[in-house]
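Peer 1:
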Ligand SMILES: *Cc1c(COP(=O)(O)O)cnc(C)c1O
């Protein structure tokens, strides 16, 4: 297979023509700090899109998650239920506050937090008051079940919608299910400012607190007066200019990502693999990343230790690391499934809750058999067909 001349990325920024206009205007007007009309405008646009009352634009999604953890009142020694199969940014802020994450296993229907395991976690840790829930790869979690369990136990949900901005569940936008919700404008997300994030909420007091905390918690006095600990988390008006220019293209990006997902799905027909699943009846993903999982009986041997991997090729079978190697050799970028948090050395000391009598850890299984495919919205159909052929060849 010949190599792609231009690298095919997993998910790279796609810039249009509006961004530079807003950046130039901000520079011309000398509005280059952490206040300005671009910030006001992206906050308004995000509220409109997600249907929430307040939003606070911050330097990154991780900062927004940190603010959400503080808003939820998480204190040292508290247990917090967290999605296990996610990016570490979902969980790190829990530990910034010296709380104890308890990882909840994944389910196969959406690759998100398993409500059955969550219910069991409340039996084991009945005092838990906060759940941090991710919508992985742009696919909404089982919201009805999870919200009902949270309500029953009086727990607050923080929805990490960093990857799922623009997705919906039963018509309700991703990023509107928790008391405090987070989106990200990191360079690889569905729309980007190169960086940036946002906290979304319907709670006016909460939004005011984040405005204050994120600008060093200055009190209303002539001099710098501080009664609470502060953070320098506010977004720049220049970054906000880029995000503002990206907003009109959100739906277009989603449509491109959807077409990529569907082309893979069609292209893999007949192979012992399936795409990352979603609840087709109730949810509309934003299709941020297209992923696949190999049927158990079509897996060749693949052994991973902490940092390296080995696999044995076998006729008619393959494994993620063989496919990823072949994709990389063709000058394209795939990635393993986000390695579950309980498997991370930094997080292995915390508890992990699966279903009762579970015979497999679902996150471990998806990590072992799944991978993220090149999902860049600038990838051409011809380039994608080559990727599909590479995957097909792995099963010869
Ligand atoms: C990207 C991401 C974040 C963090 O967002 P940043 O803006 O990069 O800080 C948090 N959670 C998930 C699931 C993400 O993918």
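Numbering (my numbering), first residue to last: 246 to 641. C-beta atoms are modelled at their ideal positions from N, C-alpha and C, and glycine is treated no differently.
(1) Alpha carbon to alpha carbon, how far is residue 527 from residue 471?
(2) What residue does the alpha helix (DSSP H) around residue 626 start on, and which one ends it?
(3) Using CA coordinates, which residue listed in 485, 305, 394 is at the minimum distance from residue 407?
(4) When you compare only the Cα positions, how much space is there between residue 555 and residue 549?
(5) Measuring only the C-alpha atoms, how far is residue 353 from residue 607?
(6) Does residue 357 pass the burial test, meaning 16 or more other C-beta atoms within 10 Å, or should it be called exposed?
(7) Does ligand 1 have a heavy atom nearer than 8 Å to the CB of residue 379?
(8) Buried or exposed: which applies to residue 474, given that a residue is buried once 16 or more other Cβ atoms fall within 10 Å of its Cβ?
(9) Would you check if the distance between the CB atom of residue 345 and the CB atom of residue 394 is smaller than 9 Å?
(10) Are the region 297 to 311 and the region 424 to 435 touching by the rule of at least three beta carbon pairs closer than 8 Å?
(11) When you get a sec, list the residues whose CB is within less than 6 Å of any heavy atom of ligand 1, chain order please.
(12) Just to confirm before moving on: does the CB-CB distance between residue 441 and residue 499 stay below 9 Å?
(13) Count the other CB atoms, across all protein chains shown, that sit within 10 Å of the CB of residue 190; report buried if there are 16 or more and exposed otherwise.
(14) Whole angstroms is fine: what's the gap from residue 279's alpha carbon to residue 290's?
(15) Ends of the alpha helix (DSSP H) at residue 306?
(16) Please state if the CB of residue 509 and the CB of residue 634 are separated by a distance shorter than 9 Å.
(17) Given this structure, state the Cα-to-Cα distance separating residue 594 from residue 459, to the nearest angstrom.
(18) Quick check on DSSP: helix, strand or coil for residue 367?
(19) The beta strand (DSSP E) spanning residue 404 covers which residue range?
(20) Could you tell me the distance, in whole angstroms, from the CA atom of residue 521 to the CA atom of residue 421?
(21) If distances are taken between C-alpha atoms only, which option among 574, 374, 501, 318 comes closest to residue 626?
(22) Out of 365, 359, 310, which one is the CA nearest neighbour of residue 340?
(23) What does the Cβ neighbour count give for residue 477, buried or exposed, with the cut at 16 atoms within 10 Å?
(24) Which word fits residue 382, buried or exposed, when buried means at least 16 other C-beta atoms lie within 10 angstroms of its C-beta?
(25) Can you check which of these residues, 551, 587, 541, is closest to residue 565 by C-alpha distance?
(26) Check the C-beta distance from residue 513 over to residue 636 and give it rounded, since I have them as a contact under 8 Å.
(27) Identify, in the order they occur along the chain, each residue of the same chain with its Cβ nearer than 8 Å to the Cβ of residue 314, setting aside the five sequence neighbours on each side.
(28) Using a 10 Å radius around the Cβ and a threshold of 16 neighbouring Cβ atoms, would you call residue 531 buried or exposed?
(29) Just curious, the alpha helix (DSSP H) that residue 547 is in, first and last residue?
(30) Indicate the three-state DSSP secondary structure (helix, strand or coil) for residue 198 in the structure shown.
(31) Three or more C-beta pairs closer than 8 Å, one from the region 254 to 268 and one from the region 447 to 461: is that the case here?
(32) Tell whether a beta-carbon distance below 9 Å holds between residue 482 and residue 284.
(33) Taking the beta strand (DSSP E) that residue 554 belongs to, which residues open and close that run?
(34) Note down, one range per segment and in chain order, each beta strand (DSSP E) of at least 3 residues found wholly within the region 574 to 629.
(35) Taking only three categories from DSSP, how would you classify residue 672?
(36) Leaving out five residues on either side along the sequence, give the residues of the same chain with a beta carbon under 6 Å from the beta carbon of residue 333.
Peer 2: Quick look at the numbers:
(1) Residue 527 sits at position 282 when you count from the first residue of the chain shown. Residue 471 sits at position 226 when you count from the first residue of the chain shown. Taking the straight line joining both Cα atoms gives about 47 Å.
(2) What you label residue 626 is simply residue 381 of the chain shown in a count that begins at 1. Counting along the chain, the alpha helix (DSSP H) containing residue 626 begins and ends at 626 to 639.
(3) The count along the chain shown starts at 1 and reaches residue 407 at position 162. Comparing Cα-Cα distances from residue 407 to each of 485, 305, 394, the minimum goes to 305.
(4) Here residue 555 refers to the residue found at position 310 of the chain shown. Here residue 549 refers to the residue found at position 304 of the chain shown. Between residue 555 and residue 549, the C-alpha separation is close to 6 Å.
(5) Your numbering for residue 353 matches position 108 in the chain shown. Your numbering for residue 607 matches position 362 in the chain shown. One C-alpha to the other measures close to 7 Å.
(6) In the chain shown, residue 357 corresponds to position 112, counting from 1. Classification of residue 357: buried, given that the 10 Å Cβ count is 16 or more.
(7) In the chain shown, counting from the first residue as 1, residue 379 sits at position 134. Because some heavy atom of ligand 1 lies under 8 Å away, the Cβ of residue 379 counts as near it: yes.
(8) Indexing the chain shown from 1 puts residue 474 at position 229. Under this definition residue 474 is an exposed residue.
(9) One-based indexing of the chain shown puts residue 345 at position 100. One-based indexing of the chain shown puts residue 394 at position 149. No, the pair does not count as a contact, with Cβ atoms beyond the cut-off.
(10) yes
(11) 305, 306, 307, 331, 332, 334, 335, 379, 405, 407, 408, 429, 431, 442
(12) Within the chain shown, the letter at position 196 stands for residue 441. Within the chain shown, the letter at position 254 stands for residue 499. Contact flag unset, no.
(13) With the chain covering only 246 through 641, there is no way to say anything about residue 190.
(14) One-based indexing of the chain shown puts residue 279 at position 34. One-based indexing of the chain shown puts residue 290 at position 45. One C-alpha to the other measures close to 18 Å.
(15) The residue labelled residue 306 in the question sits at position 61 within the chain shown. Segment 306 to 316, the alpha helix (DSSP H) holding residue 306.
(16) For the purposes of this step, residue 634 is identified with residue 389 of the chain shown, where counting begins at 1. For the purposes of this step, residue 509 is identified with residue 264 of the chain shown, where counting begins at 1. No; because the gap between Cβ atoms is not below 9 Å, this pair is not in contact.
(17) Within the chain shown, numbered from 1, the residue matching residue 594 stands at position 349. Within the chain shown, numbered from 1, the residue matching residue 459 stands at position 214. When rounded, the distance between both Cα atoms is 31 Å.
(18) Position 122 of the chain shown, counting from 1, holds the residue named residue 367. Helix.
(19) Locating residue 404 in the chain shown gives position 159, where the first residue counts as 1. Where residue 404 is concerned, the enclosing beta strand (DSSP E) stretches over 401 to 405.
(20) Position 276 of the chain shown, counted from the start, is the residue given in the question as residue 521. Position 176 of the chain shown, counted from the start, is the residue given in the question as residue 421. If I take the Cα positions, the gap works out to 23 Å.
(21) Along the chain shown, read from residue 1 onward, the residue named residue 626 stands at position 381. Selected option, being the one with the closest Cα: 501.
(22) Translated into positions along the chain shown, residue 340 becomes position 95. The shortest C-alpha separation from residue 340 is found at 310.
(23) In the chain shown, residue 477 corresponds to position 232, counting from 1. Counting Cβ neighbours within 10 Å, residue 477 comes out exposed, since fewer than 16 surround it.
(24) Taking the first residue of the chain shown as position 1, residue 382 is located at position 137. It is buried - the Cβ of residue 382 has at least 16 other Cβ atoms within 10 Å.
(25) Locating residue 565 in the chain shown gives position 320, counting from the first residue. Closest by alpha carbon: 541.
(26) Taking the chain shown and counting its residues from 1, the one referred to as residue 513 is at position 268. Taking the chain shown and counting its residues from 1, the one referred to as residue 636 is at position 391. The Cβ separation is near 7 Å, so the contact holds.
(27) By 1-based counting over the chain shown, the position of residue 314 is 69. Only 325, 338, 339, 341, 342, 344, 375, 377, 403 meet the Cβ criterion.
(28) Translated into positions along the chain shown, residue 531 becomes position 286. Buried.
(29) On the chain shown, residue 547 is found 302 positions in, with the first residue counted as 1. Not the alpha helix (DSSP H): residue 547 falls in the beta strand (DSSP E), residues 547 to 549.
(30) Residue 198 lies beyond the stretch modelled for the chain, which goes from 246 to 641, so this question has no answer here.
(31) no
(32) In the chain shown, counting from the first residue as 1, residue 482 sits at position 237. In the chain shown, counting from the first residue as 1, residue 284 sits at position 39. Going by C-beta atoms, residue 482 is nearer than 9 Å to residue 284.
(33) As a first step, residue 554 must be located in the chain shown, where it is residue number 309. Counting along the chain, the beta strand (DSSP E) containing residue 554 begins and ends at 554 to 556.
(34) 615 to 617
(35) Since the first and last residues shown for the chain are 246 and 641, residue 672 lies out of range.
(36) Your numbering for residue 333 matches position 88 in the chain shown. There are no such residues.
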